[in-house]
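Protein chains in written order, with this note's numbering: chain P, 1 to 624; chain A, 1 to 624. Report on one structure; see the data block that follows.
Protein chains: 2
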Amino acid sequence: MNALQTHVVDTRRSPYARLQPVPLQAVKLTSSFWAPRMQRNINTAIPHLHDLLEEHGVVDNFRRLYGASQPARRGFLFTDSDLFKWMEAAAYAQVQPQADLHTRLDDAIDAALPAQGADGYLNTWFVDERRAQRWSDLDSAHEMYCAGHLFQAAVADARTRGDLRLLGASTRYADYIDQTFRQAGRPGSCGHPEVEMALVELFRQTGEERYLSLAGHFIDQRGAMRQSGINGHAVRALYYLSGAADVYLETGREDLMKGLLAQYDDLLRHKLYITGGIGGRYTGEAVGKAFELPNERAYTETCAAIAFIFFTWRMLQATGEAVYADMLERAMYNGFLSGVSLAGSEYFYVNPLAYDGLPEEDPWYAWARKGLYTRQPWHECTCCPPNVQRLLATLPAYFYSTSREGVWLHLYGSSSLETQLVNGVTLKLEQTSNYPWEGKVEITLQPSVPAEFSLFLRIPSWTTRASVLVDGQSVSAQPGSYLELKRTWQPGSRITLDLDMPVTLVGADPRLADVTGRAAVMRGPLVYCLEGIDHDLQDVRHFRLPAGAAFDIRHQPDLLDGITLLETDGLAPTNLETGSLYTPLPLSPVSANPQRLRFIPYYAWNNRGPSAMNVWVNKDRSLP
Amino acid sequence: MNALQTHVVDTRRSPYARLQPVPLQAVKLTSSFWAPRMQRNINTAIPHLHDLLEEHGVVDNFRRLYGASQPARRGFLFTDSDLFKWMEAAAYAQVQPQADLHTRLDDAIDAALPAQGADGYLNTWFVDERRAQRWSDLDSAHEMYCAGHLFQAAVADARTRGDLRLLGASTRYADYIDQTFRQAGRPGSCGHPEVEMALVELFRQTGEERYLSLAGHFIDQRGAMRQSGINGHAVRALYYLSGAADVYLETGREDLMKGLLAQYDDLLRHKLYITGGIGGRYTGEAVGKAFELPNERAYTETCAAIAFIFFTWRMLQATGEAVYADMLERAMYNGFLSGVSLAGSEYFYVNPLAYDGLPEEDPWYAWARKGLYTRQPWHECTCCPPNVQRLLATLPAYFYSTSREGVWLHLYGSSSLETQLVNGVTLKLEQTSNYPWEGKVEITLQPSVPAEFSLFLRIPSWTTRASVLVDGQSVSAQPGSYLELKRTWQPGSRITLDLDMPVTLVGADPRLADVTGRAAVMRGPLVYCLEGIDHDLQDVRHFRLPAGAAFDIRHQPDLLDGITLLETDGLAPTNLETGSLYTPLPLSPVSANPQRLRFIPYYAWNNRGPSAMNVWVNKDRSLP
């Protein structure tokens, strides 16, 4: 540990940021939900992935360029990015006192840096006989994508350990890219955006304006801000939008904000899974058209949920609007968290919303089967695992922000914050909550002296009623907004927030044909699902939820690391095999038997072996 | 023309064939529905595709191997198959008196044959520097797939024109393959089945048992007959099953029939579109899992519908069971026919069951956009166009079969048949019908002398009631079966078949989540759809069909080459944009205005420019 303050997306001096970040060191996350996940990430997952990166030759891909032995390069052309992303995760993880990743991180840095060329170029694919092909295939070759991940790792290590070796390599490489493209007037940008976000952070870290200019240059070269909707490869599109948001935060370019709002709106209205996942189309790993949101064939790459979190976080920092925090929470607890096992070291690549419980038989899918319906520690394309790790390593930074007015609470869960307010007052904030299982949140404020400032409490849109008591006095609050509590706060002030957290049945826009006649079960921020293993391995996709279902809500500490179960009486069809796919109407009613339905949080599925799973449950006809 | 009798799938001597084919020359198709389509195929489409094959270098790919000029090879590695498939179409088309394709066919043969090696190998990809890679990539290299199409072209030309040049090349090539694989005990089979069907036909044409043995060998090497369900690449799976059925027809192997029945059953119950299309999954052009039948993202390659026709035809020949003829008709009038424009020379690659009317915006789809929602004369992978052409060229052969008992009528439409019965009697059969627009069929029998035999009339499963009059006497008939009329037929005997052809609303197995709450409109063998252009270009996907809808049925000879329209009063939503994809239940009802719904046959969509289309229509809640 050292005295550095680590800001993850460092908008402290960004002129168009409504909110400013708190340093990672300022937040102690003690939430019984998140703290163990962070621990497992640091103690188990990050070291294990490092071993796997060594085992699969990803680090050797660097060593071979200068070492005595010359093994063949291994893996996809973008494997460098996997190591850089891992470095970023390890660097941010190192903020936590119990982390001991110095040796691993230094080993990786020592392995990677000597591969950098005299011109600054650093890439293990375009070497030897491919050297002449540098920048020749911007669409597919991922060169700047890999560079961007290097820059992000560099920024993380500079901010956390104060180690500037990666940063030095990054500025040399970024200067080379800037000369090659922007300064030389060479058109084009990387087919897989990522470097834009990274360059803005490099600018924030170094103060060198040219990196910001280069980021804006690439945003404009790609030209996708002129679109009124989001489309194409989901991760690419969302990284691009995140980069554009970063450029907006620094420049205030209105054309960018206009495009950001339009594409965010398109997502919210037409292209977002209820889990916060994005990507309805396997082919091209794409967002898909409006309402192209199949459940079993949801692609919803784990990386896309993470990219959406990046995008929505930047929009939140720019605007302070509650809708972005709602979406942040939605993605965090569902579409992102489903990507990682409870043990912490296995990952989904895709995150479907329904599963028949059967293995994929298609022989063409041999490569994709692994990790499709069972989380795996390693993927041939291992982009998701280090992405999960870097997000979990920076999680505390997403709980709070500050602004000139005061302090913002975005996410709930036991934690404490120590921060300096703009007037120089030191504020200690203590949050106690059994979130997401209970909606009650107790907050204690300890300003160093009585001080006037605002406390912004997020009132989630999912709650039906929020009760707020400030030192015993009731305050009214509106779901789907930030409640601003502005007053002179005394040391020891107590705020109690009580969010009604009923079980809610959710329906969808009627144009979303894949869920016609179905409902999703939610409670608080969590999307729930049925899993076969809780129902004698039956095909839970065909269970029915009757009208007026009353749910038993029961916390079970010994199940799936502790979850709140939802149970109700429903129906299970007795025999669906009618012998004919298509029959003149009216169809015979399907006979059904009573069936106790047990819902678990969606994120927790597939942690007891593969069995059928379903999010959107058939409504019995009598349900409105 | 010559005196040859051309049998398309020649099961005349197949010991396990319940039915035998009638020669193409024996059938005169005068149906106002099919005859013009055959004409356009022969007069326009086949010559035009030949020009395109020349233009895109597919023929030059052969010439370059021995010619003075050496242009680079063009196109995918399987382009040879496109030329061979075209040859097959041209050869069979040449049966029709008005066809004049001799010169084109001879030119193509003259171009292709000199490229054959001394060992018999004939392929334009594995030459020059790739020569050493022959047979090294059975999974993907399509070598035997191309060979199979050569053999089928050869059989067609031998049977039609009596030209044996292609046949000679084919037997040399087949002998070489037999030596290389079966006789040498070398494991493996082509990743894209096709050669199996072709080898059985080569056996039927030449009498050489080793071709049949080789076909069986490849069927067994692939081993997919041991599966209880169908999966993987749709066209590959269906060609494989067709080849296995061919081997069954010759050998009676019960293990094959068991697998054929199981996989057909899996199709019928779980994996078939209502159009007779197959392939719910873009990735891998695959059949997909059970009930993986999305509408807008239906892949349903035109070639897969054709392959299904091949498979179901062989099952019909093997068994004489009516379900196969039902499916033959279903695919023919819907999933196959939608693949070709009314003009005859433009083709769909994929055949979706719904379309939003909007262009594909995803930049990754630039290559796929062409031909995705507009039929095109040429595709970069141009497998479908010559496949459509060879099926249309052989269409008359699918109308009738014979057996020891007599004559079978599978498809209805004005036509005549002249055939020899097993007892030597010559039978002329005249069929008059305005099918598929009307269900009335008049049949006149002219045996050369009074003769006892059976006439098997297919009673389609879609009819609600079939009236049959034999020389004025009523006979009862069961939908979904063949009605056997066995008696001593006099010259001039008249049979009147009257199939009730009401508009039928069809529902689906409740497990088919993509059509929950929806109905398909059918009349006779035709699946109908709504198209935007008939509804002021509105998004017809959201129209609603109320309970008890009464349809006006109106034939319109001047629309879309003459179609019977179905019209009824329905509802169109006034404003679907609610601003939120997901909302707690109950949802606000969607307001709707009365809207006249006009249904056209599915096959005819997209012939007036692209606009929205929908097969499965939302049912108004009151509909059962």
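For every residue, glycine included, the Cβ atom is placed at its ideal position computed from N, Cα and C.
Find the residues of chain A that neighbour residue i, judging by a C-beta separation of less than 8 angstroms, and give them in chain order.
i        : result
P/ARG269 : GLU577, GLY579, SER580, LEU581
P/ASP356 : LYS289, ALA290
Can you name, in chain order, every residue of its own chain whose Cβ lies under 6 angstroms from the Cβ of residue i, other than the five neighbours on each side?
i        : result
P/TYR482 : ALA322, PHE456, ARG458
P/VAL195 : MET144, ALA147, GLY148
P/ARG74  : GLY57
A/ARG12  : GLN20
P/THR444 : GLU430, ARG494
P/PHE348 : THR302, GLY339, ARG375
Mind pulling the chain P residues with CB within less than 7 angstroms of residue i?
i        : result
A/THR504 : PRO584
A/THR516 : THR516, GLY517
A/VAL590 : PRO510
Quick check on the burial criterion: 16 or more other C-beta atoms within 10 angstroms. Buried or exposed for residue i?
i        : result
P/LEU576 : exposed
P/PRO114 : exposed
A/LEU53  : buried
A/GLY185 : exposed
A/GLU652 : Since the displayed chain A opens at 1 and closes at 624, residue 652 of chain A lies outside it and no answer follows.
P/SER14  : buried
A/ALA132 : exposed
P/PRO352 : buried
P/HIS102 : exposed
Comparing C-alpha positions only, which one of the options sits nearest to residue i?
i        : options                                : result
P/ASN295 : P/ASN43, P/ILE42, P/PRO610, P/ARG541   : P/ARG541
A/GLU250 : A/ARG511, A/LEU19, A/ARG554            : A/LEU19
A/THR6   : A/GLY168, A/ALA35, A/PHE218, A/GLY162  : A/GLY162
A/ALA237 : A/LEU560, A/THR516, A/PHE308           : A/PHE308
A/LEU505 : A/LEU358, A/VAL521, A/TYR528, A/ASP265 : A/VAL521
A/ALA641 : A/PHE78, A/ASP60, A/LEU83              : Residue 641 of chain A is absent from the structure shown; chain A starts at 1 and stops at 624.
P/ASP509 : A/PRO573, A/MET315, A/CYS383           : A/PRO573
P/ALA290 : A/ARG182, A/ASP356, A/LEU427           : A/ASP356
P/LEU77  : P/TYR333, P/THR382, P/GLN595           : P/THR382
A/ILE306 : A/MET327, A/LEU469, A/ILE563, A/ALA298 : A/MET327
A/ARG465 : A/GLN473, A/ARG375, A/TYR324, A/GLN478 : A/GLN478
P/PRO584 : A/ILE553, A/GLY532, A/VAL527           : A/VAL527
P/LEU138 : P/ASN123, P/SER170, P/SER189           : P/SER189
Run through chain A and tell me which residues come within less than 9 angstroms of residue i, C-beta to C-beta.
i        : result
P/GLY229 : GLU361
P/SER465 : This sequence places Arg at residue 465 of chain P; Ser is not what is there. Simply none; closest approach about 13 angstroms.
P/ARG253 : None at all; the shortest Cβ gap to chain A is about 23 angstroms.
P/LEU134 : The amino acid occupying residue 134 of chain P in the given sequence is Arg; Leu does not appear at that position. The premise fails here: P/ARG134 is roughly 23 angstroms from chain A at the closest Cβ pair, so nothing lies under 9 angstroms.
Starting from the beta carbon of residue i, find every residue of chain P whose beta carbon is closer than 8 angstroms, and list them in chain order.
i        : result
A/THR574 : Neighbours of A/THR574 on chain P: none; closest Cβ ~12 angstroms, over 8 angstroms.
A/ILE274 : LEU581, TYR582
A/GLY548 : Ordered by position in chain P, no residue passes the 8 angstroms Cβ test against A/GLY548, which lies about 11 angstroms from the chain.
A/GLY507 : TYR582, THR583, PRO584, LEU585, PRO586, LEU587
A/ARG222 : Within chain P, no residue comes near A/ARG222; the closest Cβ sits about 10 angstroms away, beyond 8 angstroms.
CB-CB under 7 angstroms to residue i, same chain, minus the five flanking residues each way: which ones, in chain order?
i        : result
A/PHE551 : VAL503, LEU566, GLU567, THR568
P/ALA89  : ILE46, PRO386, GLN389, ARG390, ALA393
A/LEU560 : LEU342, ILE600, ALA604, ASN607
P/MET1   : Bear in mind that the predicted position of P/MET1 carries a pLDDT of just 40, short of 50, making it too unreliable to give a figure here.
A/LEU272 : ILE278
Applying a beta-carbon distance threshold of less than 9 angstroms, which residues of chain P neighbour residue i?
i        : result
A/HIS542 : PRO510, ARG511
Give the residues of chain A in contact with residue i, contact being defined as C-beta atoms less than 7 angstroms apart.
i        : result
P/PRO294 : PRO294
In chain order, each alpha helix (DSSP H) run of at least 4 residues that lies wholly inside the region 157-187 of chain P: For the region 157-187 of chain P, whole alpha helix (DSSP H) runs of length 4 or above, ordered along the chain, are 165-178.
Could you tell me which uninterrupted beta strand (DSSP E) segments, each at least 3 residues in length, are contained entirely in the region 533-558 of chain A, listed from first to last along the chain? Secondary structure in the region 533-558 of chain A: the beta strand (DSSP E) runs of 3 residues or longer, each lying completely within the stretch, are 552-556 in chain order.
Extract the residue ranges of the beta strand (DSSP E) inside the region 334-407 of chain P, only unbroken runs of 3 or more that lie entirely within it. As for any beta strand (DSSP E) of minimum length 3 sitting wholly inside the region 334-407 of chain P, the runs are 400-403, ordered along the chain.
Sequence ranges, alpha helix (DSSP H) only - wholly within the region 209-273 of chain P, length at least 4: DSSP runs (the alpha helix (DSSP H)) wholly in the region 209-273 of chain P: 209-222, 234-251, 254-266.
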